[in-house]
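Letter by letter, the sequence shown follows residues 0 to 200 of numbering that gives the first Met the number 0.
Glycine included, every Cβ here is placed at the ideal spot set by N, Cα and C.
As the structure is a prediction and not an experimental result, all values here were calculated from the model.
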Amino acid sequence: MQDVIRIREAEICRSELDRRAQAQIVDDLRTVVKQAPLFSPTTPRGRPMSVRMTSAGTLGWVSDRRGYRYENLHPAGEPWPDIPESVLAVWRRHGSETRAPDCCLINYYGDGARMGMHRDNDEKDFSWPVVSISLGDAALFRIGNLTRGGRTESTWLESGDVAILRGPARRLYHGIDRIRFGSSDLLPTGGRINITLRVVD
Ligand code: SIN
Ligand code: FE2
Numbered sequence: 000m001q002d003v004i005r006i007r008e009a010e011i012c013r014s015e016l017d018r019r020a021q022a023q024i025v026d027d028l029r030t031v032v033k034q035a036p037l038f039s040p041t042t043p044r045g046r047p048m049s050v051r052m053t054s055a056g057t058l059g060w061v062s063d064r065r066g067y068r069y070e071n072l073h074p075a076g077e078p079w080p081d082i083p084e085s086v087l088a089v090w091r092r093h094g095s096e097t098r099a100p101d102c103c104l105i106n107y108y109g110d111g112a113r114m115g116m117h118r119d120n121d122e123k124d125f126s127w128p129v130v131s132i133s134l135g136d137a138a139l140f141r142i143g144n145l146t147r148g149g150r151t152e153s154t155w156l157e158s159g160d161v162a163i164l165r166g167p168a169r170r171l172y173h174g175i176d177r178i179r180f181g182s183s184d185l186l187p188t189g190g191r192i193n194i195t196l197r198v199v200d
């Protein structure tokens, strides 16, 4: 049986995706990344982020000097590719059976990459959940509160885990402290992929 744990109000479905399902998604993401290459975003203050990212869907999430936002086009000027069916299947199980996500954000964590504490805050309607898929190396996921600071809890996310931020968890601060580079052999050159699926507007 599937093992679901709760950290604060976040749901974490351990080993939701078997190796075959994980490999299928990675394969499908190769096609996405060919069309919409990973890029290195900067924060609005101009600091380079350590993850590389791209998106699929009608909207992609970007960050640069002009701020955090969703855009219709990849920074190179092309539309974002469609969200792969293998990824949509995970959304239908945990997000919604009736509403498709607008954005599938793909973050790649190489050796030393991390993600500071933040809230997913650029969407219009927080009643839709954020569904997040972990692939490759393990990552230390930290969850805090509705405002910055305070007590936090953390857990290691492993390849195939699906985390859902919904309801009271939707607006909690969260981040990735570090990855355990080389802990998984799913990706031939190591590292971690995180996919987050969001309804934007
Ligand atoms: C994020 O919150 O944007 C990423 C979470 C993760 O990498 O698991
Ligand atoms: Fe996030």
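Distance between beta carbons of residue j and residue i, contact taken as under 8 angstroms
{"i": "R150", "j": "G174", "result": "Not a contact, Cβ separation roughly 15 angstroms."}
{"i": "S153", "j": "N193", "result": "That belief does not hold up - the Cβ atoms of S153 and N193 are roughly 15 angstroms apart, past 8 angstroms."}
Local conformation of residue i per DSSP, three classes
{"i": "D176", "result": "strand"}
{"i": "L28", "result": "helix"}
{"i": "R47", "result": "Going by the sequence as given, residue 47 is Pro instead of Arg. DSSP places P47 in strand when its eight states are reduced to three."}
{"i": "R18", "result": "helix"}
{"i": "G159", "result": "coil"}
{"i": "G189", "result": "coil"}
{"i": "A138", "result": "strand"}
{"i": "A9", "result": "strand"}
Cutoff 8 angstroms; reference residue i; Cβ partners in own chain excluding five residues on either side
{"i": "R147", "result": "M116 and Y172"}
{"i": "C12", "result": "Q1, D2, V3, H93, D160, V161, A162 and I163"}
{"i": "R18", "result": "G159 and L185"}
{"i": "W155", "result": "A137, A138, L139, F140 and R179"}
{"i": "P78", "result": "N71 and L72"}
Sequence-distant residues of the same chain with beta carbon closer than 6 angstroms to residue i, five excluded per side
{"i": "D119", "result": "V129"}
{"i": "L16", "result": "G159"}
Sequence-distant residues of the same chain with beta carbon closer than 7 angstroms to residue i, five excluded per side
{"i": "P40", "result": "M48, M52, V61, S62 and D63"}
{"i": "V198", "result": "R98, P100, D101, E122, D124 and W127"}
Residue i CB to nearest heavy atom of the ligand MG below 7 angstroms
{"i": "F180", "result": "You won't find the ligand MG in this model; what it holds is the ligand SIN and the ligand FE2."}
Within the segment 75 to 104, note down every full beta strand (DSSP E) run reaching 3 residues or more, in order along the chain.
Taken in chain order, the complete beta strand (DSSP E) segments of 3 or more residues contained in the segment 75 to 104 number zero; there are none.
Are there three or more Cβ pairs, one per stretch, closer than 8 angstroms when the segment 23 to 34 is compared with the segment 115 to 131?
The segment 23 to 34 is not in contact with the segment 115 to 131.
Can you confirm whether the segment 83 to 98 touches the segment 62 to 70 when touching is taken to mean that 3 or more C-beta pairs between the two stretches lie within less than 8 angstroms?
No: the two stretches stay apart, fewer than three of their Cβ pairs being nearer than 8 angstroms.
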